[in-house]
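The structure under discussion appears below in the form of structure tokens.
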């Protein structure tokens, strides 16, 4: 997931 | 990671632990909607498809495993545990939850950020989570007596996405190009669905009376 992606959230 | 998101994740974790505590210790799922639990298991299964391909952090992977494991074990408990399943009220938990899945899947096929399998499934999980609480809220209105643990479970589950909204506001102002309308709208709709529950939950807490939803 790149920096400002929301995929790093649960 | 910001404080709003950490608080949101911890609130979400607390909701899952409260429900597991209720079901595992008192061996009862009275007042708990199996339909909502099945929808949440599907939400996590479709949202965390990247758990094996994209490693983000130990925290992220551990939390995904906890949410996947707990949601599927809660479904197993209610459906198969010889004691717990007796307390499941299938005559009251009648929400046709496939009527929620189909529109969410159709919407995900048309409204998404990228047309890839993982992205469409991820978007489907967002839409489905927004409405997944409906069978539970309907069941609460039918079963007059809401025990404390079930009330706390629903409250924490609703609060976690509300905290995520603050997280998105924070990220919008601190990260360039952090714009994710689909996530934002789904999260706001999800939180708004709890609005009346939150109202009655605070009223019962303020007046120190048992939580009762109007029929």
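Chains as they are written, first to last, in this note's numbering: chain A, 1 to 10; chain B, 11 to 225. Cβ coordinates follow ideal geometry from the N, Cα and C atoms, glycine included.
| Along the chain, which unbroken stretches of the beta strand (DSSP E) at least 3 residues long are found entirely within the stretch 123 to 163 of chain B? | none
| At what residues does the alpha helix (DSSP H) containing residue 48/B begin and finish? | 44 to 57
| request: Would you mind telling me which residues of chain A sit closer than 9 angstroms to residue 73/B, beta carbon to beta carbon, in chain order? | output: 10
| Cross-chain neighbours of residue 201/B in chain A, by beta carbon under 7 angstroms | The contacting residues do not exist; residue 201/B stays about 15 angstroms from chain A at best.
| query | For residue 9/A, which of helix, strand or coil comes out of DSSP? | reply | In the displayed model, residue 9/A falls within coil according to three-state DSSP, outside both helix and strand.
| query | Would you report the Cα separation of residue 144/B and residue 93/B, rounded to the nearest angstrom? | reply | 26 angstroms
| Taking Cβ-Cβ distances shorter than 8 angstroms, what residues in chain A pair up with residue 70/B? | 8, 10
| task | Figure out for me which residue from 179/B, 186/B, 169/B has the closest Cα to the Cα of residue 209/B. | result | 169/B
| Distance, residue 179/B Cα to residue 205/B Cα | 20 angstroms
| Does residue 82/B get closer than 8 angstroms to chain A when you measure Cβ to Cβ? | With its beta carbon at least 8 angstroms from every one in chain A, residue 82/B lies outside the interface.
| query | Would you call the CB atoms of residue 128/B and residue 60/B closer than 8 angstroms? | reply | Yes, these two residues count as a Cβ contact at 8 angstroms.
| By how many angstroms is the C-alpha of residue 216/B removed from the C-alpha of residue 46/B? | Just so you know, the alpha carbons of residue 46/B and residue 216/B end up roughly 28 angstroms apart.
| request: Select from 44/B, 120/B, 213/B the residue whose C-alpha is nearest the C-alpha of residue 165/B. | output: 213/B
| field | Minimum C-alpha distance to residue 53/B - residue among 224/B, 110/B, 31/B | value | Comparing Cα positions, the closest option is 110/B.
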